[in-house]
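Each number in the working numbering corresponds to the 1-based position in the sequence shown with 232 added.
Notes follow once the structure below has been shown.
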Amino acid sequence: MFRFKSPRDHLSCSFPTTTPLLKRNPYTRLAATSPPLAKQRKIAKSPFKILDAPALQDDFYLNLVDWSSMNVLAVGLGSAVYLWSSCTSKVTKLCELGTMVTSVAWSSHGTHLAIGTHHGDVQLWDAVLCLRIRVMTGHTERVGTLAWNSTVLASGSRDKTICLRDPRCPLDVTSVLQGHKQEICGLKWSCDDTQLASGGNDNKLMIWNCHAVHPVLRFTDHTAAVKAIAWSPHQPGLLASGGGTADRCIRFWNTLQGHALQAVDTGSQVCNLLWSKNSNEVVSTHGYSLNQIIVWKYPSMAKVATLTGHTYRVLYLAMSPNGQTIVTGAGDETLRFWNAFAPAPTSQTSSLVLPLGSQHIR
């Protein structure tokens with residue numbers, strides 16, 4: 233069960249707790265004496281909240297943390313899944329499976345949670361009712377990664393296959409995608425639901441569409457496992473991917489034209505990537521050997537901030553529904569919450585900024 237630790241007072245207490253989320257948002261006011269474009273955004277170097285997460289696995293190939301559109305965090309701890317409400321700080325034990333949880337992923341509506349297991353099953357749960365809806369087969373080994381689009385759930389396994397599933401259909405699997413030669417460790421749907429990106433332990437990044445069982449693109453530039461995958465919400469067809477310990481690079485791709493754009497050597501294993509919803513920035517989390525979190529400005533790839541605190545590689549990453557907060561998880565059995573991104577521009581802010589030079593708007 234989660235335990236709460238605040239870096240401010242160093243106290244801990246068992247959940248559930250009524251302690252409110254600490255609000256340390258540096259973006260709540262604009263200085264009237266200088267234009268907003270002249271101000272450099274500052275990111276707090278310390279997390280504003282830390283939760284203990286006993287039995288959070290230190291396994292690069294798993295995906296055990298996800299944040300729903302309903303503002304609920306799902307975390308797989310050992311053979312159980314817990315839900316933590318960001319609004320109330322209430323912790324709910326959703327289920328105890330009797331087998332290791334290897335992945336979790338929320339549906340787009342935030343009411344249903346898919347859970348991958350070590351045995352190769354995918355379970356679908358109604359998180360509101362805490363009720364299991366169905367168990368879907370299709371894999372012969374563990375399911376380390378899951379990804380939803382608006383209607384279809386993709387699952388990736390150590391058996392080297394990707395299964396597409398439509399929960400509205402009585403069939404457990406509607407399509408099987410084969411192309412990788414080793415374990416699937418990353419899956420992400422494009423924002424328009426038309427393309428699925430997959431990364432594997434075979435160092436390959438593949439792009440699939442909804443109408444074919446063979447990849448439409450194969451990228452082979454990475455020299456280590458590809459777990460970190462993120463689609464830009466700002467530019468169609470723009471994809472970022474990150475490689476493992478022997479690669480260390482973040483690479484950007486144009487999937488509409490099928491070519492590489494740029495690459496940055498980060499100096500350490502890339503575990504996760506996420507694009508900001510509100511600005512053209514990317515956050516990456518890292519493992520061997522730096523265990524850090526980096527916020528980058530795209531496309532310059534200038535570092536906006538480097539955040540440290542985890543003592544193990546930062547294997548898990550999720551973003552709040554408003555796009556401002558990220559949560560990171562590691563084998564040090566902690567979840568850390570960071571104010572990483574600015575809020576979405578308001579209409580009032582936009583009207584003030586645009587006349588100053590719209591060419592500078594992100």
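Just so you know, even glycine gets a beta-carbon here, dropped at the ideal spot from N, CA and C.
Review point. DSSP puts HIS518 in a beta bridge; with which residues?
Key: For this step, residue 518 is matched to residue 286 along the sequence shown. Partner(s): VAL502.
Point to revise | Close Cβ partners of HIS371 (< 6 Å) along its chain, the five nearest in sequence each way excluded | key: Against the sequence shown, residue 371 aligns to sequence position 139. Cβ within range, chain order: GLY352, SER389, ASP391.
Review point. If you drop the 5 nearest sequence neighbours on each side, which residues of the same chain put their C-beta closer than 6 Å to that of VAL297?
Key: The sequence position of residue 297 within the sequence shown is 65, counting from 1. For VAL297, where only same-chain residues beyond five positions count, the Cβ hits under 6 Å are VAL307, TYR548, ALA550, GLY561.
Practice item. To the nearest angstrom, report how far apart LEU505 and TYR520 are at their CA atoms. Key: As a working note, residue 505 is residue 273 in the sequence shown. As a working note, residue 520 is residue 288 in the sequence shown. Taking the straight line from one Cα to the other gives about 16 Å.
Exercise for review: With DSSP collapsed to three states, give me the class of ARG545.
Suggested key: Along the sequence shown, read from residue 1 onward, the residue named residue 545 stands at position 313. In this structure, ARG545 counts as coil in the three-state DSSP scheme.
**Study point:** Inter-residue spacing [alpha-carbon to alpha-carbon] between ARG400 and ALA346
**Key:** Stepping through the sequence shown from its first residue, residue 400 is reached at position 168. Stepping through the sequence shown from its first residue, residue 346 is reached at position 114. C-alpha separation (whole angstroms): 14 Å.
Exercise for review: Express the C-alpha separation of GLN494 and LEU305 in angstroms, rounding to a whole number.
Suggested key: As a working note, residue 305 is residue 73 in the sequence shown. As a working note, residue 494 is residue 262 in the sequence shown. Roughly 33 Å between the two C-alpha positions.
Check your understanding: Excluding the five sequence neighbours on either side, which residues of its own chain have a C-beta within less than 6 Å of the C-beta of GLY310, listed in chain order?
Key -> Against the sequence shown, residue 310 aligns to sequence position 78. Same-chain partners within the cutoff: ALA287.
Check your understanding: Excluding five sequence neighbours on each side, which residues of the same chain lie with their C-beta closer than 7 Å to the C-beta of LEU361?
Key -> Residue mapping note: residue 361 aligns to position 129 of the sequence shown, counting from 1. Same-chain partners within the cutoff: there are none.
Review point. Is the beta carbon of PRO553 sitting closer than 9 Å to the one on ASN295?
Key: Here residue 553 refers to the residue found at position 321 when the sequence shown is read from its first residue. Here residue 295 refers to the residue found at position 63 when the sequence shown is read from its first residue. Not in contact: PRO553 and ASN295 (Cβ atoms no closer than 9 Å).
Exercise for review: Could you tell me the boundaries of the beta strand (DSSP E) in which GLU328 lies?
Suggested key: As a first step, residue 328 is located in the sequence shown; it is residue number 96 there, counting from the start. It spans 323-328 - the beta strand (DSSP E) in which GLU328 sits, taken as one unbroken run.
Review point. What are the boundary residues of the beta strand (DSSP E) that includes PHE569?
Key: By one-based count along the sequence shown, residue 569 stands at place 337. Looking at the DSSP string, the run of the beta strand (DSSP E) that includes PHE569 is 566-571.
Exercise for review: Give the DSSP-derived three-state secondary structure of THR538 in the structure shown.
Suggested key: As a working mapping, residue 538 is identified with position 306 in the sequence shown. Residue state, collapsed to three classes: strand.
Review point. In chain order, what residues of the same chain have a beta carbon less than 8 Å from the beta carbon of ASP564, not counting five sequence neighbours either side?
Key: In the sequence shown, counting from the first residue as 1, residue 564 sits at position 332. Cβ neighbours of ASP564 beyond the five flanking positions: HIS542, THR543, TYR544.
Practice item. For HIS300, collect the residues of the same chain with a Cβ closer than 6 Å to its Cβ; drop the 5 residues on either side in sequence, then sort them by chain order. Key: Indexing the sequence shown from 1 puts residue 300 at position 68. In the sequence under discussion, the amino acid at residue 300 is Ser, which differs from the His named in the question. TRP338, GLY342.
Practice item. Taking only the alpha-carbon atoms, compute the straight-line gap between TYR314 and SER321 and give it to the nearest angstrom. Key: For the purposes of this step, residue 314 is taken as the residue at position 82 of the sequence shown. For the purposes of this step, residue 321 is taken as the residue at position 89 of the sequence shown. Their backbone Cα atoms lie some 12 Å apart in a straight line.
**Study point:** Residue range of the unbroken beta strand (DSSP E) whose run includes ASP278
**Key:** One-based indexing of the sequence shown puts residue 278 at position 46. Correcting the residue identity first, residue 278 is Ser in this sequence and not Asp. Taken as a continuous stretch (DSSP letters only), SER278 belongs to no beta strand (DSSP E), as it is neither H nor E.
Check your understanding: Cβ of ASN435 within 9 Å of Cβ of ALA457?
Key -> Here residue 435 is taken as the residue at index 203 of the sequence shown, counted from 1. Here residue 457 is taken as the residue at index 225 of the sequence shown, counted from 1. Cβ distance < 9 Å, so ASN435 and ALA457 count as in contact.
**Study point:** Separation of VAL527 from LYS515, as counted between CA atoms
**Key:** As a working mapping, residue 515 is identified with position 283 in the sequence shown. As a working mapping, residue 527 is identified with position 295 in the sequence shown. Here residue 515 turns out to be Val, not Lys, going by the sequence shown. Distance between the alpha carbons of VAL515 and VAL527: 4 Å.
Review point. Taking C-beta to C-beta, are GLY348 and VAL333 nearer than 9 Å?
Key: Along the sequence shown, read from residue 1 onward, the residue named residue 348 stands at position 116. Along the sequence shown, read from residue 1 onward, the residue named residue 333 stands at position 101. Result yes, Cβ atoms of GLY348 and VAL333 sit closer than 9 Å.
Review point. Is the CB-CB distance between ALA472 and TRP421 below 9 Å?
Key: Numbered from 1 along the sequence shown, position 240 holds the residue referred to as residue 472. Numbered from 1 along the sequence shown, position 189 holds the residue referred to as residue 421. The answer is no: Cβ separation not under 9 Å.
Point to revise | LEU288 - DSSP class collapsed to helix/strand/coil | key: For the purposes of this step, residue 288 is taken as residue 56 along the sequence shown, with counting starting at 1. The answer is coil: DSSP assigns LEU288 none of H, G, I, E or B.
Review point. DSSP puts THR560 in a beta bridge; with which residues?
Key: Working through the sequence shown from its first residue, we reach residue 560 at position 328. Note: THR560 sits in a beta bridge opposite LEU549, ARG568.
Point to revise | Residue from SER335, ASP291, CYS327, HIS466 whose Cα sits closest to the Cα of ALA576 | key: Within the sequence shown, residue 576 is the residue found at index 344, counting from 1. The candidate whose alpha carbon is nearest that of ALA576 is HIS466.
Review point. Given that a residue counts as buried once 16 or more other Cβ atoms are within 10 Å of its Cβ, and exposed if not, what is ASP479?
Key: As a first step, residue 479 must be located in the sequence shown, where it is residue number 247. Per the 10 Å Cβ criterion, buried.
Point to revise | Distance between beta carbons of ILE461 and GLY418, contact taken as under 8 Å | key: The residue you call residue 418 lines up with position 186 of the sequence shown. The residue you call residue 461 lines up with position 229 of the sequence shown. Contact holds; Cβ gap of about 4 Å.
Review point. Taking the alpha-carbon positions, what's the LEU481 to CYS503 distance?
Key: As a working note, residue 481 is residue 249 in the sequence shown. As a working note, residue 503 is residue 271 in the sequence shown. The identity of residue 481 in the sequence shown is Cys, whereas the question assumes Leu. So the two alpha carbons sit approximately 11 Å from each other.
Exercise for review: Could you have a look at TYR314 and say whether DSSP puts it in helix, strand or coil?
Suggested key: As a working note, residue 314 is residue 82 in the sequence shown. It is a strand residue.
**Study point:** Where the beta strand (DSSP E) containing CYS417 begins and where it ends
**Key:** By 1-based counting over the sequence shown, the position of residue 417 is 185. Element bounds for CYS417: 416-421.
Practice item. Classify VAL595 as helix, strand or coil using the three-state DSSP reduction. Key: As shown, the chain starts at 233 and ends at 594. That puts residue 595 outside it, with no answer to give.
Exercise for review: Let me know the secondary structure DSSP gives GLY474 once reduced to three states.
Suggested key: The residue given as residue 474 occupies position 242 in the sequence shown. The answer is strand: DSSP assigns GLY474 an E or B state.
Review point. Does DSSP put LYS459 in a helix, in a strand, or in coil?
Key: Within the sequence shown, residue 459 is the residue found at index 227, counting from 1. Of the three classes helix, strand and coil, the one that applies to LYS459 here is strand, per DSSP.
Check your understanding: Using a Cβ-Cβ cut-off of 7 Å (strictly less than) and excluding sequence neighbours within five positions of LYS638, which residues of its own chain qualify?
Key -> In the structure displayed, the chain extends from 233 to 594; residue 638 sits before or after that span and is not available.
Practice item. Decide if PRO279 is buried, meaning its Cβ has at least 16 other Cβ atoms within 10 Å, or exposed. Key: Here residue 279 refers to the residue found at position 47 when the sequence shown is read from its first residue. Answer is buried; the Cβ neighbour count reaches 16.
Exercise for review: Measure the CB-CB distance between PRO447 and GLY411 and report whether it falls below 9 Å.
Suggested key: In the sequence shown, counting from the first residue as 1, residue 447 sits at position 215. In the sequence shown, counting from the first residue as 1, residue 411 sits at position 179. Contact flag set, yes.
Exercise for review: Could you tell me the distance, in whole angstroms, from the CA atom of GLY555 to the CA atom of GLU513?
Suggested key: As a first step, residue 555 must be located in the sequence shown, where it is residue number 323. As a first step, residue 513 must be located in the sequence shown, where it is residue number 281. Each residue's alpha carbon lies about 11 Å from the other.
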